[in-house]
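**Student:** Quick note on this note's numbering: the sequence shown kicks off at 5 and runs consecutively.
Note that beta-carbon positions come from the ideal geometry of N, C-alpha and C, so glycine has one too.
Before I ask anything, let me first share the structure, which is written out below as structure tokens.
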Amino acid sequence: MKRKVLGTMLFLLILPVFFGCQSVTSETTSFEGQIIFQLYDQEGTKASEKTVAYDETDTLLELLMENYSVDCQGQDDNPDESCSFEGQYGYYIMGIDTVTAFTGNAYIAFYINDAYAMTGIGDTPIVNGSVYQFKFETY
Numbered sequence: 005m006k007r008k009v010l011g012t013m014l015f016l017l018i019l020p021v022f023f024g025c026q027s028v029t030s031e032t033t034s035f036e037g038q039i040i041f042q043l044y045d046q047e048g049t050k051a052s053e054k055t056v057a058y059d060e061t062d063t064l065l066e067l068l069m070e071n072y073s074v075d076c077q078g079q080d081d082n083p084d085e086s087c088s089f090e091g092q093y094g095y096y097i098m099g100i101d102t103v104t105a106f107t108g109n110a111y112i113a114f115y116i117n118d119a120y121a122m123t124g125i126g127d128t129p130i131v132n133g134s135v136y137q138f139k140f141e142t143y
């Protein structure tokens, strides 16, 4: 009987140590990396380039908004700095810093490593070392 009681007490004393070690391990395994944002103006000239550190909790849109002044299309089709409206096809970026496409047949195109992006900024995963480019274009 004493062995069972001592065994149970020992088990209960060691159990919190295992849970404590498990939470420390999960914190140290978070992935971090770097990406590059490039912004091109109306003349096709690189207006800005920023190297940005990220971790697994970040999104591309959040990182862009932390590093630039961003205007997305709002629900009323006007620029919205909060980017709170996500349309049927995702977020539509109308302006980044001084490069704006508020009127006419202009827009800001999204490229990844010099190739036209096949997904929007809200659906694009962050890939370590990638270059995300935003270029003023017209149609």
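Enumerate, from N- to C-terminal direction, the unbroken alpha helix (DSSP H) stretches of 4 or more residues contained entirely within the stretch 40-97.
**Tutor:** You should have 64-71.
**Student:** Measure how close the beta-carbons of GLN38 and ASN132 come, nearest whole angstrom, since I'm counting them as under 8 Å.
**Tutor:** What you label residue 38 is simply residue 34 of the sequence shown in a count that begins at 1. What you label residue 132 is simply residue 128 of the sequence shown in a count that begins at 1. That belief holds up - the Cβ atoms of GLN38 and ASN132 are roughly 7 Å apart, short of 8 Å.
**Student:** So, are the CB atoms of GLY108 and LEU65 less than 8 Å apart?
**Tutor:** Numbered from 1 along the sequence shown, position 104 holds the residue referred to as residue 108. Numbered from 1 along the sequence shown, position 61 holds the residue referred to as residue 65. Cβ distance not < 8 Å, so GLY108 and LEU65 don't count as in contact.
**Student:** Quick check: the Cα distance between SER88 and SER52, rounded to an integer number of angstroms?
**Tutor:** Against the sequence shown, residue 88 aligns to sequence position 84. Against the sequence shown, residue 52 aligns to sequence position 48. Cα to Cα, the separation comes out at about 25 Å.
**Student:** Using the three-state DSSP reduction, which class does SER131 fall into: helix, strand or coil?
**Tutor:** Here residue 131 corresponds to residue number 127 of the sequence shown, with the count starting at 1. Per the sequence shown, the amino acid found at residue 131 is Val instead of Ser. If DSSP states are grouped into helix, strand and coil, VAL131 belongs with coil.
**Student:** In three-state terms, what does DSSP make of THR142?
**Tutor:** As a first step, residue 142 must be located in the sequence shown, where it is residue number 138. Strand.
**Student:** Could you give the distance in angstroms between the alpha-carbon of GLU85 and the alpha-carbon of TYR72?
**Tutor:** Counted from its first residue, the sequence shown places residue 85 at position 81. Counted from its first residue, the sequence shown places residue 72 at position 68. Rounded to the nearest angstrom, the two C-alpha atoms are 11 Å apart.
**Student:** Rounded to whole angstroms, what is the Cα-Cα separation between VAL103 and VAL56?
**Tutor:** Here residue 103 corresponds to residue number 99 of the sequence shown, with the count starting at 1. Here residue 56 corresponds to residue number 52 of the sequence shown, with the count starting at 1. When rounded, the distance between both Cα atoms is 20 Å.
**Student:** With DSSP run on the structure shown, which of helix, strand or coil describes ILE100?
**Tutor:** Stepping through the sequence shown from its first residue, residue 100 is reached at position 96. In the structure shown, ILE100 sits in a strand (DSSP, three-state: E or B).
**Student:** Short of 6 Å in beta carbon distance, which residues of its chain neighbour THR128, apart from the five on each side in sequence? Order them along the chain.
**Tutor:** Position 124 of the sequence shown, counted from the first residue, corresponds to residue 128. These residues qualify, in order along the chain: LEU64.
**Student:** Quick one: Cα of ALA113 to Cα of GLU141, how far?
**Tutor:** Within the sequence shown, numbered from 1, the residue matching residue 113 stands at position 109. Within the sequence shown, numbered from 1, the residue matching residue 141 stands at position 137. Distance between the alpha carbons of ALA113 and GLU141: 6 Å.
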